[in-house]
Each structure stands twice: as C-alpha cells, then as structure tokens.
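**Q**
Residue numbers (the working numbering): 150 to 335.
(1) Where does residue 275 land, buried or exposed, given buried means 16+ other C-beta within 10 angstroms?
(2) Would you identify the three-state DSSP class for residue 268, choosing helix, strand or coil?
(3) What's the call for residue 209, buried or exposed, on a 16-neighbour Cβ count within 10 Å?
(4) So the candidates are 226, 263 and 233; which of them puts its Cα closest to the Cα of residue 246?
(5) Give me the Cα-Cα distance between residue 285 and residue 236, rounded to the nearest whole angstrom.
(6) From the DSSP output, in three-state form, read off residue 230 for me.
(7) Can you say whether residue 324 is buried or exposed, counting buried as having 16 or more other CB atoms within 10 angstroms of its CB?
Next comes the structure, spelled out in structure tokens:
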C-alpha cells in the first residue's frame with residue numbers, strides 16, 4: 150500500500166511516496182516556509198512600499214496567510230518602514246493579498262506534488278487516491294494549503310496530527326522498528 154507524505158519545512162519541501170517501508174518516488178525542492186516569509190516581504194515592498202523584517206512576515210503568515218480563497222477576508226495592521234519616506238508607518242493588509250503574495254511559492258509545491266504523482270506506479274496511485282496526501286512540517290500549517298492541493302490534484306489532503314514534530318517522531322519509531330527487527334533475525 151502506498152502513502153504520499155509532503156513535509157514542508159523551513160528550507161525545503163520533501164515529497165515522497167512510501168510503500169513497504171521505502172520511498173518509491175520522491176522529490177525535494179527549495180521552496181518552503183522561509184520562502185513564504187520572503188514572498189510576503191517582497192510583496193509588502195513592491196505593493197505597499199513597506200519594508201518589513203522576517204519576524205513581521207512570519208507573524209503576517211501565521212495570522213492572515215492563506216493560499217486558497219476563503220469566504221471571509223481577514224485583515225491585519227502591519228508596521229514597518231516606508232521605503233520612500235524612510236519613516237515608520239503602518240498599513241492594513243488582507244488575507245486576499247497574502248494569497249496573491251504566496252501564489253508562486255505554493256504553486257511550486259503543488260507542481261512538485263503533481264510531478265511525483267505522475268511518476269508513481271498505478272497501484273500506489275490508487276492507494277494514494279483512497280487514503281489521501283498527508284502534509285507535515287511547519288509550512289503545512291499555512292491556511293488553505295490542504296484545500297489548494299485537493300483542488301489541484303483531486304486527491305483529499307490532510308495535515309498530520311502534530312505536523313511540527315511528526316517527522317521526528319516517525320523517524321524515531323522507524324529506527325526503533327529497524328533495531329527490533331534486526332535483533333529478532335540475529
């Protein structure tokens with residue numbers, strides 16, 4: 150049986166189709182949570198002439214960041230330095246603007262998922278279609294990401310129960326399993 154895991158960390162997104170304890174197909178791309186922050190910084194600079202730092206971008210991402218249109222529009226006051234005037238200023242931005250800011254980064258992730266699915270053997274593809282795609286890592290907490298992936302792939306997508314630590318916990322369990330398995334065959 151096949152499972153697709155998408156781990157969106159800070160620096161990379163790792164995508165893998167796992168079957169019988171090993172990766173059958175995989176991809177890794179240098180687009181992840183940090184790129185979401187960079188995209189917000191660039192968007193604010195280009196569209197609002199506002200210079201903001203990484204911490205502010207992270208805060209915006211967490212509070213109103215989204216990558217899929219929602220019925221309600223969230224708003225947030227963002228403080229920074231006006232690029233032309235050089236003075237501190239604040240503006241109000243919306244979740245719709247953040248969707249636009251994050252579009253290129255999230256599209257890259259969806260395209261990579263699509264590429265891995267195209268290379269996946271048919272039997273495992275059927276399993277993934279039944280079971281869905283599992284998201285993990287801090288970047289998976291971006292609002293609307295499940296909906297975007299489901300919309301673009303036609304496959305249900307869900308976020309792991311504890312996405313921030315799921316990969317580390319799973320790796321620990323795998324190491325424990327391998328150790329137990331090795332000692333049982335010796």
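Positions of the beta carbon are idealized from the N, C-alpha and C atoms, including for glycine.
**A** So, from the listed chains and residues:
(1) Residue mapping note: residue 275 aligns to position 126 of the chain shown, counting from 1. Classification for residue 275: exposed.
(2) Start at 1 with the first residue of the chain shown, and residue 268 comes out as number 119. Helix.
(3) Position 60 of the chain shown holds residue 209. Classification for residue 209: buried.
(4) For the purposes of this step, residue 246 is identified with residue 97 of the chain shown, where counting begins at 1. Among 226, 263 and 233, the Cα nearest to that of residue 246 is on 226.
(5) The residue labelled residue 285 in the question sits at position 136 within the chain shown. The residue labelled residue 236 in the question sits at position 87 within the chain shown. Taking the straight line from one Cα to the other gives about 40 Å.
(6) Locating residue 230 in the chain shown gives position 81, counting from the first residue. Reduced to three states, the DSSP call for residue 230 is strand.
(7) Working through the chain shown from its first residue, we reach residue 324 at position 175. It counts as exposed.
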